[in-house]
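Read the structure below first, then the notes.
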Amino acid sequence: MCSKLEPSDKRTVHQETNNHSNLQFPPNFVWGTATSPTQVEGRIANEWTNFTARDGGNCHVACDNYHRYPEDIEWMVKLGVKAYRMGIEWSRLQSAPFAPLDETELVRYCDILDRLKIAGITPMVVLHHFSNPDWISANGGWLNRATVAAFVDYVTKLAAALRGRVRIWNTFNEPDTYASCTYLIGEFPPFRKWRFKSFFTVIRNMAGAHLKICEIIRRMGSDCGPVEVGFSKNWTFFQPFHKASPWDHALAAASHAAFNRFVLRSFLGGRRKGASTFIGLNYYGRVRFRHCQPLIPTFGHAHEALVKMGVVCDDMFERHPAGMELALLKLQQQFNLPIYITEHGAASTDEEFRERDLKENLAALHRAIGRGADVRGFFYWSLLDNFEWQFGYSKKFGLIEVDFSDQKLPRKMKKLGHIYRQVCAENSAPKPERPAFNHPAQS
Ligand code: FCB
508 MCSKLEPSDK RTVHQETNNH SNLQFPPNFV WGTATSPTQV EGRIANEWTN FTARDGGNCH
568 VACDNYHRYP EDIEWMVKLG VKAYRMGIEW SRLQSAPFAP LDETELVRYC DILDRLKIAG
628 ITPMVVLHHF SNPDWISANG GWLNRATVAA FVDYVTKLAA ALRGRVRIWN TFNEPDTYAS
688 CTYLIGEFPP FRKWRFKSFF TVIRNMAGAH LKICEIIRRM GSDCGPVEVG FSKNWTFFQP
748 FHKASPWDHA LAAASHAAFN RFVLRSFLGG RRKGASTFIG LNYYGRVRFR HCQPLIPTFG
808 HAHEALVKMG VVCDDMFERH PAGMELALLK LQQQFNLPIY ITEHGAASTD EEFRERDLKE
868 NLAALHRAIG RGADVRGFFY WSLLDNFEWQ FGYSKKFGLI EVDFSDQKLP RKMKKLGHIY
928 RQVCAENSAP KPERPAFNHP AQS
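Here the sequence shown is numbered in the numbering used here, starting from 508 and rising by one per residue.
The structure is reproduced here in C-alpha cells:
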C-alpha cells in the first residue's frame, strides 16, 4: 500500500485558470513540504551538536520532532500535503564506518514512514542534508575520498532496509551551499575559510558518491513503484548591482561558474546525466554584488537600506520570483529531466510578505510549466519553524509556528499555512495581485 506520485500530465496543460481565475496546476502535480533532521529532530549527536548559532541557539532540542513526529504528521494532514521531503540522519544509524544499521533508530524511521503511508503522504528521503557523524568529520569529512565509500555503504544498507517503504530518494541537498559554508565562508563545521581547492574537492567527492548511489538505488528498486533518484541543486542568480561595474560583474560570473555551472557539470555532466531520474531545484532568489559585497541581510546589510536600493528581501536573501521560471527553463533545456522544486520558502514574521512571495513564485512556476518545464511537484520550506543552521531560531520559515520560548514547543498553523492548505486542496495558486517584486531577470 505504497502511495503513488504520478507524473504530471503535460498534455492537459497548464496556462489555465479555474473559475476563481486562479492558476491551475496539472493533474497529479504534487504539493509537499520539507524539513531536515538537524533542524527539527533534536537529541542529535553529530558535528552540529556542540555548535552555538548567532542567536545563541543550538540544535539539542530543536522542534523535538524526534519524539513528536506523530503530531507533526497530523499537521501535514491538516495542511493537506501529499508529499514530505524528510531527511534520515546518518549519525543515528551507524556508529562507525561500515557498521550495521542501528535497529532501534531504524524502527523509529520506519514508524514515521508507516504513519506517512497511512496519512497518504509520499516520502522523498534525503540522504545527506548538511550533517555528518562526528567520526566522518574527524577523518576529514568530504575532503577525504574514504568518506565516499563509507557513505555508499551506509546508503546501500539503508536503501535495502527501506526499499519496501521508499520510492523517491534525494541523495545530496545543495552540495554547493554545503561546500561553500564549510570551506569558503566558514559558517558550517569544520568552519574553514577561503579554501577554494577544498570547495571543489567536496563537490567532486559528493558527485562521485551520487553517481554510485544512483546506480545502487536504481538496481535495487522499490516495492512502492518506479524508483526516482536525484540530488537538489540550490540555484542562485548572481548579478552585479550596477551593470557597468567590472569587479561586481567578474565576481558574479565567477560565483555562477563555481556554484552553478561546476556543480551541475559534476553531478549531471557527460555520462552522469543518465544516473539521476530527476533534478531537485531549491530556489530562493538571487544575490547581487555591489562594491564586491553581496547585498543580502545575512551579510550584515540592514533591511531598510536594502529596501531603499530596491533590493526586496526576506530575512535571508533577495527575492527574485521571475528567476524561478528562468532557472526551471534552463534546467529543462539543458538536462531534459523531470524536476521537483525540493525547496522554496521565505523567512519573515511578516505573513503578508510571505504570502506575496509564495504567490509570485507559484505564478513563475506556473509560467515555466506552461512553457514546457516538466515540473512534478513543489515542497514548501518548511513545515515547521526550525533551527536555521548558523542563524539559529531567528529565521521563521514554517507553515506551522513553533513557540521556542515555551518548553512545550507548542505548534500553531500560520496564516501562510492556511493559504498553502488551499493551494494543496485546489491544486491551484491565487494570482499575485500586485506587480512583481523585481523586474524581470536579466539572465
Ligand atoms: C536551504 C537549506 C535548508 C534551509 C533553507 C532555508 O539552503 O537546504 O536546510 O536552511 O535553505
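Every residue, glycine too, gets a C-beta built ideally from N, C-alpha and C.
**Asked** Alpha carbon to alpha carbon, what distance is there between Ala666 and Ser729?
**Response** 9 Å
**Request:** Compute every distance between the C-beta of Glu850 and the non-hydrogen atoms of the ligand FCB, then say whether any falls below 7 Å.
**Result:** yes
**Asked** Counting pairs of beta carbons, one from the region 926-936 and one from the region 597-615, are three or more of them closer than 8 Å?
**Response** no
**Request:** Could you check if Arg575 is buried or exposed, using at least 16 other CB atoms within 10 Å of its CB as the buried criterion?
**Result:** buried
**Request:** Buried or exposed for Gly873, please, with buried defined as at least 16 other CB atoms from any protein chain shown within 10 angstroms of its CB.
**Result:** Looking at the sequence provided, one finds His at residue 873 rather than Gly. Result: buried.
**Request:** Kindly indicate which three-state DSSP category Ile862 falls into: helix, strand or coil?
**Result:** The sequence as given places Glu at residue 862; Ile does not occur at that position. Helix, per DSSP.
**Request:** Mind listing, in chain order, the continuous beta strand (DSSP E) runs of no fewer than 3 residues lying wholly within the region 746-788?
**Result:** none
**Prompt:** Beta carbon of Phe894, beta carbon of Glu850: below 8 Å?
**Reply:** no
**Asked** Would you say Phe769 and Asp562 are within 8 Å of each other, going by their C-beta atoms?
**Response** no
**Prompt:** Among the residues of its own chain, which have a CB less than 6 Å from the CB of Arg928, if the five just before and after it don't count?
**Reply:** Leu586 and Gly587
**Item:** Option nearest Lys866 by Cα separation, candidates Gly884, Tyr616, Gly852 and Thr784
**Value:** Gly852
**Item:** Beta-carbon gap between Ser739 and Asn677 smaller than 8 Å
**Value:** yes
**Request:** Decide if the region 770-778 is in contact with the region 694-714; the criterion is three or more beta carbon pairs, one per stretch, under 8 Å apart.
**Result:** yes
**Asked** Hey, quick one: how far does the beta strand (DSSP E) through Arg883 stretch, first residue to last?
**Response** Val882 to Trp888
**Prompt:** Going by Cα to Cα distance, which pick from Phe944, Met631, Leu623 and Leu906 is closest to Ile926?
**Reply:** Leu906
**Among Gly781, Lys750 and Trp888, the one whose alpha carbon lies nearest that of Arg718** = It should be noted that the sequence gives Leu, not Arg, for residue 718. Nearest option by C-alpha distance: Gly781.
**Asked** Is any heavy atom in the ligand FCB found nearer than 7 Å to the beta carbon of Asn767?
**Response** no
**Message:** the ligand FCB and Thr684: does the residue's C-beta get closer than 7 Å to at least one heavy atom of that ligand?
**Reply:** yes
**Message:** For a test of the three-state rule: what should DSSP assign to Met593, helix, strand or coil?
**Reply:** strand
**Asked** Quick one: is the Cβ of His827 within less than 7 Å of any heavy atom of the ligand FCB?
**Response** no
**Residue closest to Asn572, alpha-carbon to alpha-carbon, out of Val930, Gln800 and Val909** = Val909
**Prompt:** Between which two residues does the beta strand (DSSP E) carrying Lys919 extend?
**Reply:** Arg918 to Met920
**Asked** Does the beta-carbon of Arg754 have 16 or more other beta-carbons within 10 angstroms, so that it is buried, or is it exposed?
**Response** A small fix is needed here, since residue 754 is Trp in this sequence, not Arg. Exposed, because fewer than 16 other Cβ atoms sit within 10 Å of the Cβ of Trp754.
**Message:** Quick check: is any heavy atom of the ligand FCB less than 7 Å from the C-beta of Asn680?
**Reply:** yes
**Burial state of Leu799 (16 or more Cβ within 10 Å)** = Note that residue 799 is Cys in the sequence shown here, rather than Leu. The residue is exposed, with fewer than 16 neighbouring Cβ atoms inside 10 Å.
**Request:** Assuming Tyr847 contacts Arg883 (C-beta within less than 8 Å), just tell me the rounded distance between them.
**Result:** 5 Å
**Item:** Close beta carbons around Gly671, own chain, < 7 Å, minus the five adjacent residues each side
**Value:** Asp730
**Message:** Does the distance between the C-beta of Phe886 and the nearest non-hydrogen atom of the ligand FCB fall short of 7 Å?
**Reply:** no
**Message:** Is the separation between the beta-carbon of Val673 and that of Pro630 shorter than 8 Å?
**Reply:** yes
**Asked** What first and last residue would you give for the beta strand (DSSP E) that runs through His574?
**Response** Per DSSP, His574 belongs to no beta strand (DSSP E); it is in the alpha helix (DSSP H), Asn572 to Leu586.
**Beta-carbon proximity check, Pro696 vs Glu548, cutoff 8 Å** = no
**Request:** Report whether the distance from the Cβ of Gln746 to the nearest heavy atom of the ligand FCB is below 7 Å.
**Result:** no
**Asked** Is it true that the region 577-597 meets the region 613-624, where meeting means three or more beta-carbon pairs spaced less than 8 Å apart?
**Response** yes
**Request:** Using only alpha-carbon positions, find the residue among Lys589, Gly627, Asn646 and Ala668 that is nearest to Glu610.
**Result:** Ala668
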